[in-house]
Structures are given as structure tokens and as C-alpha cells.
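**Q** In order, the protein sequences belong to chains A and B.
Residue 328 in the numbering used here sits at position 248 of the first sequence, and the numbers go up by one each step.
Residue 159 in the numbering used here sits at position 79 of the second sequence, and the numbers go up by one each step.
Even glycine gets a Cβ: it sits at the ideal position worked out from N, Cα and C.
Sharing a structure with you now.
2 protein chains.
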Amino acid sequence: MSEVIILSQEEVKSCLPMSEAIKAVAEAYKAFAKGRVELAPVVHLSVEKYRGEVDVKSGYVEDFGLIGTKIASGYYDNPKMGLPSGVAVIILMDLKTSLPLAIMDGTYLTAVRTGAAGAVAASVLARKDSRRVGVIGAGTQARMQVLALSEIFPLKQVKVYNIHSASSEKYAAEMRERLGIEVEPVNTPKEAVSEVDIIVTATPSNKALVMDEWIPNGVHINAIGADAPGKQELDPKIMKRAKIVVDSFKQCRVIGEIQHALAQGLIKEEDVHAEIGDILIGKNVGRETETEITLFDSTGMAVQDIAAANVVYQLAKKKNMGSRIKLL
Amino acid sequence: MSEVIILSQEEVKSCLPMSEAIKAVAEAYKAFAKGRVELAPVVHLSVEKYRGEVDVKSGYVEDFGLIGTKIASGYYDNPKMGLPSGVAVIILMDLKTSLPLAIMDGTYLTAVRTGAAGAVAASVLARKDSRRVGVIGAGTQARMQVLALSEIFPLKQVKVYNIHSASSEKYAAEMRERLGIEVEPVNTPKEAVSEVDIIVTATPSNKALVMDEWIPNGVHINAIGADAPGKQELDPKIMKRAKIVVDSFKQCRVIGEIQHALAQGLIKEEDVHAEIGDILIGKNVGRETETEITLFDSTGMAVQDIAAANVVYQLAKKKNMGSRIKLL
Numbered sequence: 081m082s083e084v085i086i087l088s089q090e091e092v093k094s095c096l097p098m099s100e101a102i103k104a105v106a107e108a109y110k111a112f113a114k115g116r117v118e119l120a121p122v123v124h125l126s127v128e129k130y131r132g133e134v135d136v137k138s139g140y141v142e143d144f145g146l147i148g149t150k151i152a153s154g155y156y157d158n159p160k161m162g163l164p165s166g167v168a169v170i171i172l173m174d175l176k177t178s179l180p181l182a183i184m185d186g187t188y189l190t191a192v193r194t195g196a197a198g199a200v201a202a203s204v205l206a207r208k209d210s211r212r213v214g215v216i217g218a219g220t221q222a223r224m225q226v227l228a229l230s231e232i233f234p235l236k237q238v239k240v241y242n243i244h245s246a247s248s249e250k251y252a253a254e255m256r257e258r259l260g261i262e263v264e265p266v267n268t269p270k271e272a273v274s275e276v277d278i279i280v281t282a283t284p285s286n287k288a289l290v291m292d293e294w295i296p297n298g299v300h301i302n303a304i305g306a307d308a309p310g311k312q313e314l315d316p317k318i319m320k321r322a323k324i325v326v327d328s329f330k331q332c333r334v335i336g337e338i339q340h341a342l343a344q345g346l347i348k349e350e351d352v353h354a355e356i357g358d359i360l361i362g363k364n365v366g367r368e369t370e371t372e373i374t375l376f377d378s379t380g381m382a383v384q385d386i387a388a389a390n391v392v393y394q395l396a397k398k399k400n401m402g403s404r405i406k407l408l
Numbered sequence: 081m082s083e084v085i086i087l088s089q090e091e092v093k094s095c096l097p098m099s100e101a102i103k104a105v106a107e108a109y110k111a112f113a114k115g116r117v118e119l120a121p122v123v124h125l126s127v128e129k130y131r132g133e134v135d136v137k138s139g140y141v142e143d144f145g146l147i148g149t150k151i152a153s154g155y156y157d158n159p160k161m162g163l164p165s166g167v168a169v170i171i172l173m174d175l176k177t178s179l180p181l182a183i184m185d186g187t188y189l190t191a192v193r194t195g196a197a198g199a200v201a202a203s204v205l206a207r208k209d210s211r212r213v214g215v216i217g218a219g220t221q222a223r224m225q226v227l228a229l230s231e232i233f234p235l236k237q238v239k240v241y242n243i244h245s246a247s248s249e250k251y252a253a254e255m256r257e258r259l260g261i262e263v264e265p266v267n268t269p270k271e272a273v274s275e276v277d278i279i280v281t282a283t284p285s286n287k288a289l290v291m292d293e294w295i296p297n298g299v300h301i302n303a304i305g306a307d308a309p310g311k312q313e314l315d316p317k318i319m320k321r322a323k324i325v326v327d328s329f330k331q332c333r334v335i336g337e338i339q340h341a342l343a344q345g346l347i348k349e350e351d352v353h354a355e356i357g358d359i360l361i362g363k364n365v366g367r368e369t370e371t372e373i374t375l376f377d378s379t380g381m382a383v384q385d386i387a388a389a390n391v392v393y394q395l396a397k398k399k400n401m402g403s404r405i406k407l408l
């Protein structure tokens with residue numbers, strides 16, 4: 081029968097430049113908006129005994145001719161054992177026949193496609209002259225978001241706040257090197273979001289870290305961290321002033337940043353401006369004025385994983401990379 | 081990081097003797113009955129354009145220390161292209177850390193574990209002196225069921241009915257060879273189930289194939305085919321006379337053979353005698369008299385897949401089989 085390509089994290093890395101991931105995620109959002117995507121409900125397994133959780137996301141995209149399944153975990157005690165705090169595996173199957181085509185590490189891919197999502201949103205929601213980014217959080221995703229934005233905007237300055245200052249200092253040193261621009265660790269969230277064009281929140285927070293009164297007009301906010309019930313990074317009052325764009329309304333109202341403003345009655349469902357895909361296909365508009373506040377609520381969708389995995393798969397085939405195994 | 085073992089169908093075959101699969105499935109049912117298993121809802125994707133469907137089953141078993149996910153498809157036009165009508169891939173992860181341990185073909189494994197399920201059920205539900213089996217259906221599962229039963233009972237005779245007589249003749253020739261006993265193709269379902277001790281139904285039927293008036297006292301029935309809404313193989317009146325045992329009550333009432341008798345009000349939920357695991361752990365009884373009719377309704381559970389995959393994984397490790405790949 082057919083061969084499956086197995087791709088390690090290193091191989092995935094070499095087949096998924098951020099610029100390609102951004103294009104792929106934009107295509108993914110468009111396919112979703114056009115109804116050419118079928119996504120199954122996300123399945124969640126809680127492994128309380130080991131402080132872990134596993135999510136299984138699956139779906140298919142007609143435009144790519146692929147069925148994709150991602151099994152992703154978060155295990156909070158893993159780092160104590162020197163292991164990653166989460167892993168992911170992605171399986172791609174041929175939509176026409178269901179034969180397995182590729183199995184790859186999805187850990188790095190998930191980080192990249194989530195970064196790419198922020199850049200896609202900013203490309204239609206942030207001011208065109210955006211040069212300064214304020215980041216809350218100094219982990220992998222705080223890095224990916226800024227690396228992705230730097231593909232879209234000629235960034236001049238990044239400010240970063242993290243609850244542990246050692247982490248923001250490490251972040252600053254590393255990102256200064258990678259981007260060749262000023263990256264400044266700051267001592268308060270307020271400083272991080274002051275006098276910037278784009279704000280990124282990328283933490284596991286369960287409470288508001290960024291207050292409404294700190295947000296001037298004209299800013300774009302990428303709200304990345306909230307992707308589960310209870311998670312929160314923003315003062316819900318911000319939602320009342322912002323043009324709100326979501327990746328998937330169905331998901332965001334339950335697990336996204338907007339869950340809190342909706343629950344508190346600060347906004348109604350009809351106050352959500354659009355899904356990002358509708359803007360990308362021209363069914364709705366992005367930023368319209370220099371002064372409006374825009375907000376993108378990202379929760380992550382299997383269609384992004386399938387799109388990014390497709391980039392990896394196509395390039396790996398072309399470059400003859402990965403291990404080829406006859407599975408059945 | 082860690083290595084993942086990739087196992088092809090051939091390798092899975094050589095690591096999963098039926099006798100071991102039977103033991104593993106019994107352990108799986110017991111673990112389920114003891115509440116040491118967490119199963120996520122089964123996710124279903126329908127690919128209407130290509131007459132296909134994909135199910136994703138996931139869960140974990142504390143007793144085995146494993147998280148398992150199975151992606152399984154049914155593509156009804158595949159055989160026309162010389163491809164299998166369904167494929168499956170299984171991913172095992174370490175319950176303690178979520179690190180992936182093994183990725184294997186699940187197509188053959190699914191067939192074996194389903195066969196094993198029938199044998200486990202018959203071991204506590206069929207009469208001890210059972211020697212004759214009547215089979216409706218002549219596909220892979222009709223083979224697996226009888227091969228599994230032959231591990232538990234010294235079978236003397238098999239009768240097989242299939243809607244296409246060429247298939248039942250092929251079945252008979254092949255199974256005669258494999259089992260070294262009389263295997264007779266018959267022309268009607270009634271002949272197949274007459275004067276036998278165990279009846280097996282293993283077809284994709286949507287209507288009753290076996291009538292109530294054909295079933296004498298003392299018989300055990302393994303109802304294997306029905307595993308989706310609308311699927312049916314038995315006259316629902318049989319349920320009124322039978323001691324009904326299910327793999328998972330939650331599943332069977334919706335997708336199992338009992339769905340029809342329940343919907344028609346022929347039986348009530350409380351008429352279902354037990355889940356098979358409860359009998360295996362001694363919480364409930366199996367067959368009690370020589371004359372009662374027993375029925376096992378099998379829909380298939382992720383815990384069976386995890387148990388069977390664990391057998392394969394452990395043996396593959398021991399024998400140093402499979403391809404080893406550093407995934408992350």
C-alpha cells in the first residue's frame with residue numbers, strides 16, 4: 081500500500097518558515113469562511129492524577145484535500161522532569177481515500193501557526209504604520225507572535241512584561257538578537273502596553289492583566305492566551321470600546337477572551353464584529369479608521385493545524401525529507 | 081527526547097496473536113467496569129463527497145498507563161480503486177507524561193480486538209459445551225469472530241450465510257483450511273442459525289436478518305454488526321426472550337443492536353442485564369441455566385483498542401521490532 085512520511089520536530093521546523101505559515105493560516109481562515117471546512121467538536125481528556133490534559137482536534141479541508149487530526153497535551157509537571165510541558169502529534173490523511181499520508185510532531189507547528197494567526201489578524205486590523213509592539217508574557221507564544229508580526233510590519237520597538245523579570249530579560253536578549261531591533265523588558269503591564277501600536281497578550285492568566293484605561297485609541301490587540309473556560313487577560317471593559325474580531329465565534333464565546341464580557345453583559349453576541357475569515361474573503365471589513373481600537377480573539381482551530389501541516393507535508397515531499405514507512 | 085516506535089500492519093500482525101488479544105480485551109472490559117478508564121466522546125466526521133466517514137476514539141486506561149487515540153475510516157468506494165474499505169491509525173502516549181510511545185496501523189488490530197470481544201463475551205455467556213457456530217456475514221469480522229471463538233471452544237462445525245453465495249463459499253474454503261473442521265456455506269440465514277450453539281451476526285445490515293422464531297433456547301448470540309444508528313441484524317423480538325449483555329450501555333442504546341427494541345418499547349433500559357465488564361469482575365452473573373438465550377451487543381470501545389495496542393507495543397519493544405523515530 082502507500083507510504084507514510086514521518087516528520088520529526090527538527091524536520092517540521094525546516095519545512096515551516098513563518099512566512100509560509102502566515103500564508104497557510106490566511107488560506108485556512110478563508111476556507112473556513114467559505115464553508116469548505118468541516119471541524120469535529122474538540123475532545124478533551126483530563127488526566128488529573130498527573131496534572132495533565134489532552135485535546136483531540138480533527139477536521140478536514142476540501143481546498144487542501146486533507147483530513148487532519150491533532151492530539152495535543154498540556155502536562156504541567158513535565159518541566160520538573162526536564163520534559164516539554166506539552167506535546168502534539170498530527171496525522172494527515174487523504175480526503176479522497178482516507179489513506180494516511182503524514183505523521184508529524186505538532187508541538188512546534190502549533191506554536192508557529194498560533195503566531196501566524198496573530199499576524200494574519202494584524203494585517204487587516206492593525207494600523208498600516210504599526211511599528212511598536214507591547215507584549216504581556218515572555219514564553220514561546222510571546223516570541224512567536226512577535227516573530228510573525230515582524231513578517232508583516234517593519235517593527236522598530238518591542239516592550240515585554242512578564243511576572244518573572246528574569247524571563248522578560250531573557251526574552252529581550254534573545255529577541256533583540258533575532259530581530260535586530262530594540263527589545264525592552266519593562267516592570268509593569270502598564271508600561272508594556274503604553275505608547276505601542278499593537279498589544280499582544282500571551283499568558284496562561286485567569287484574570288485581567290491589561291486595564292481598559294491604559295488603552296489609547298488606534299491600538300490593535302491580539303488576545304492569544306485565553307483558550308479555555310476561565311482564562312482571561314484583558315479588562316472586559318475594553319470589549320465595549322473595541323471592534324471585536326474572532327477566529328471562530330462558536331469557540332470564542334465559550335473559551336475565548338470574549339467569554340467574560342459576554343457573561344457580564346458588557347457586550348452582546350451581536351457586538352462581535354466578524355470572524356477573521358469573513359474579513360479576509362471580503363465579506364466584512366477590517367480596520368476602517370486610524371482611531372478605532374481593534375481586538376482579535378484567538379482560540380485556535382484544527383483548520384490552522386491542517387493548513388500548516390499541509391505546508392510541511394508538501395515541502396517534505398518535494399525535498400524528500402522525513403522517514404518513509406509502509407504502514408499498511 | 082524520546083523515540084516513538086512505528087509499527088506497520090505486518091508488524092502489528094506478528095505481535096498480536098488472537099489468544100493475547102482475548103486476554104487484553106477481557107482486561108480492558110474489567111478496567112472499564114472498575115472505573116479505571118476515561119473515554120472521550122467518539123468524534124465523527126462525514127465526508128459525503130467521497131462516501132467516507134472518519135471516527136476518532138480516544139481515552140486512557142490507568143491500568144496500562146496509556147492514552148490511546150484511534151483514527152478509523154470507512155470509505156465505501158475505496159475497494160473499486162483496489163484500496164481497503166477502511167483504515168485505522170493508533171497513537172499511544174504515556175499517561176504520566178503524554179510523550180508519544182507508539183504509532184501503529186490499527187486496521188488489522190481493530191478486526192482482531194472485535195473478534196476477541198465476541199470470544200470474551202461467549203466465555204461467560206455461551207454454554208460450556210458449545211461446539212457449533214452459525215455465522216451471518218462472510219467478511220473479515222465473520223472470520224475474526226470464529227477464529228476467536230475457536231480459542232475458547234473446541235469447535236466442531238461452522239455454518240455460514242452471506243447474501244453473495246460466492247463469498248460464503250470462499251469463506252468456507254478458507255476457514256476449513258484454517259480451523260481444520262467442517263465449515264459449510266448455506267443458502268439461507270435460517271439454515272445458518274439452525275442447530276447451532278452460538279450465532280454470530282457480522283454484517284453491515286440495516287434490517288433484521290435473523291428472526292425470533294428461528295432461535296431455540298440455550299443459544300448465545302454475538303451481535304457484532306450494529307455499531308451505528310440505524311444498523312440492525314436481529315429481529316427485535318429476540319431481545320424480549322434474551323438475557324442482554326452490552327459492552328457499553330451508553331453506546332449500545334444509541335448505536336448498538338438494542339437501539340431498535342428500546343425504540344419500539346419491546347424492552348426497557350432496565351431489561352438490559354449487565355455490561356460485560358461487570359460480569360467479568362464478578363459484580364454480575366453470566367449464563368445461569370442451560371436453556372436461557374444470551375445476547376451480547378458489541379459496539380466497540382476505545383479501551384479495547386488501547387488494550388490490544390498495548391499488547392503490540394509491549395511485544396514490539398521486547399522483540400525490538402518496528403521503526404524507531406525521534407519525533408521531538
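Closer than 8 Å, CB to CB, is ASP385/A near chain B or not?
**A** Closer than 8 Å: no.
**Q** If you measure from the beta carbon of ASP315/A to each beta carbon in chain B, is any gap under 8 Å?
**A** Answer no: the Cβ-Cβ gap between ASP315/A and chain B never drops below 8 Å.
**Q** With THR281/A and ASP327/A assumed to form a contact (beta carbons below 8 Å), what rounded beta-carbon distance in angstroms separates them?
**A** So it is not a contact: roughly 15 Å between Cβ atoms.
**Q** Does DSSP classify TYR241/B as helix, strand or coil?
**A** Note: TYR241/B maps to strand in three-state DSSP.
**Q** For SER99/B, does the three-state DSSP call read helix, strand or coil?
**A** Correct three-state label for SER99/B: helix.
**Q** Around the Cβ of ASP174/B, are there at least 16 other Cβ atoms within 10 angstroms (buried) or fewer (exposed)?
**A** So ASP174/B counts as buried.
**Q** Does the beta-carbon of GLU355/B have 16 or more other beta-carbons within 10 angstroms, so that it is buried, or is it exposed?
**A** Looking at its Cβ environment, which holds 16 or more other Cβ atoms inside 10 Å, GLU355/B is buried.
**Q** Tell me whether the beta-carbon of ILE261/B lies closer than 8 Å to the beta-carbon of VAL238/B.
**A** Yes; because the gap between Cβ atoms is below 8 Å, this pair is in contact.
**Q** Nearest-angstrom Cα distance between ASP358/A and ALA201/A?
**A** Going from the Cα of ASP358/A to the Cα of ALA201/A covers about 11 Å.
**Q** For the stretch 370-378 of chain B and the stretch 288-304 of chain B, state whether three or more C-beta atom pairs, one from each stretch, are separated by less than 8 Å.
**A** Touching, yes.
**Q** Between THR374/A and chain B, is the shortest Cβ-Cβ distance under 8 Å, so that the two count as touching?
**A** Not one chain B Cβ lies under 8 Å of THR374/A.
**Q** Between the Cα of HIS244/B and those of ALA106/B, ASP315/B and PRO265/B, spot the shortest distance and give me the residue it belongs to.
**A** Ranking ALA106/B, ASP315/B and PRO265/B by Cα distance to HIS244/B puts PRO265/B first.
**Q** Could you pull out every residue in the same chain whose Cβ sits closer than 6 Å to the Cβ of GLY402/A, ignoring the five residues on either side in sequence?
**A** Within the same chain, GLY402/A has close Cβ partners ILE85, ILE86, LEU87, GLU91 and ALA396.
**Q** Please list, in chain order, the chain B residues whose beta carbon lies closer than 7 Å to that of ASP185/A.
**A** Under the 7 Å cutoff, chain B gives LEU407 and LEU408.
**Q** List, in order along the chain, the chain A residues whose C-beta lies closer than 8 Å to that of ASN158/B?
**A** Correct list: THR177 and SER178.
**Q** I need the boundaries of the beta strand (DSSP E) containing ASP185/B, first residue and last residue.
**A** Here the beta strand (DSSP E) through ASP185/B covers 180-185.
**Q** Just checking, does the stretch 337-355 of chain B make contact with the stretch 118-129 of chain B on the three C-beta pairs under 8 Å criterion?
**A** Result no; under three Cβ-Cβ pairs closer than 8 Å.
**Q** Between GLN331/B and chain A, is the shortest Cβ-Cβ distance under 8 Å, so that the two count as touching?
**A** So, not an interface residue.
**Q** Does the contact criterion of 3 or more C-beta pairs under 8 Å hold for the stretch 327-338 of chain A versus the stretch 161-179 of chain A?
**A** The stretch 327-338 of chain A, when compared against the stretch 161-179 of chain A, does not touch it at the 8 Å Cβ threshold.
**Q** In three-state terms, what does DSSP make of VAL325/B?
**A** If DSSP states are grouped into helix, strand and coil, VAL325/B belongs with the strands.
**Q** Give me the residue from THR177/B, VAL141/B and MET184/B with the minimum Cα distance to LYS110/B.
**A** Of the candidates THR177/B, VAL141/B and MET184/B, the one whose C-alpha sits nearest the C-alpha of LYS110/B is VAL141/B.
**Q** Using beta carbons (cut-off 8 Å, strictly below), is PRO296/A in contact with chain B?
**A** Output row for PRO296/A: interface = no.
**Q** Which residues mark the beginning and the end of the beta strand (DSSP E) in which TYR130/B is found?
**A** Premise fails: TYR130/B is in no beta strand (DSSP E) and is neither H nor E.
**Q** Whose Cβ in chain A lies nearer than 9 Å to the Cβ of SER403/B?
**A** Within chain A, the residues near SER403/B are ILE86, SER403 and ILE405.
**Q** Going by DSSP, which residues form a beta bridge with PRO265/A?
**A** Per DSSP, VAL240/A.
**Q** So ILE86/B is in the beta strand (DSSP E); what residue range does that whole segment cover?
**A** Segment 83-87, the beta strand (DSSP E) holding ILE86/B.
**Q** Show which residues of chain B have a CB atom less than 8 Å away from the CB atom of VAL136/A.
**A** Within 8 Å Cβ-Cβ: ALA120, VAL123, VAL136, SER138 and THR149.
**Q** Counting only the same chain and skipping the five closest in sequence on each side, list residues whose C-beta sits under 8 Å from that of PRO309/A.
**A** Closer than 8 Å at Cβ, skipping near neighbours: VAL334, ILE335 and GLN339.
**Q** Does the structure place the stretch 382-394 of chain B close enough to the stretch 100-110 of chain B that three or more beta carbon pairs sit under 8 Å?
**A** At 8 Å Cβ cutoff, the stretches touch.
**Q** Mind the definition here: the stretch 224-231 of chain B touches the stretch 188-202 of chain B only if three or more C-beta pairs lie below 8 Å; say whether that holds.
**A** Yes: the two stretches touch, three or more of their Cβ pairs being nearer than 8 Å.
**Q** In this structure, does DSSP put SER378/A in helix, strand or coil?
**A** Here SER378/A sits in coil by DSSP.
**Q** Taking VAL141/A as the query, report the chain B residues whose CB atoms sit under 9 Å from its CB, ordered along the chain.
**A** In chain order: nothing, as chain B lies at least about 11 Å away.
**Q** Provide the residue(s) that pair with ILE151/A in DSSP beta bridges, ordered along the chain.
**A** Note: ILE151/A sits in a beta bridge opposite VAL136/A and VAL169/A.
**Q** With a 10 Å radius around its C-beta and 16 neighbouring C-beta atoms as the bar for buried, classify ARG367/B as buried or exposed.
**A** It is buried - the Cβ of ARG367/B has at least 16 other Cβ atoms within 10 Å.
**Q** When DSSP labels each residue in this structure, what does LYS348/A get in the three-state scheme?
**A** Three-state DSSP puts LYS348/A in coil, outside helix and strand.
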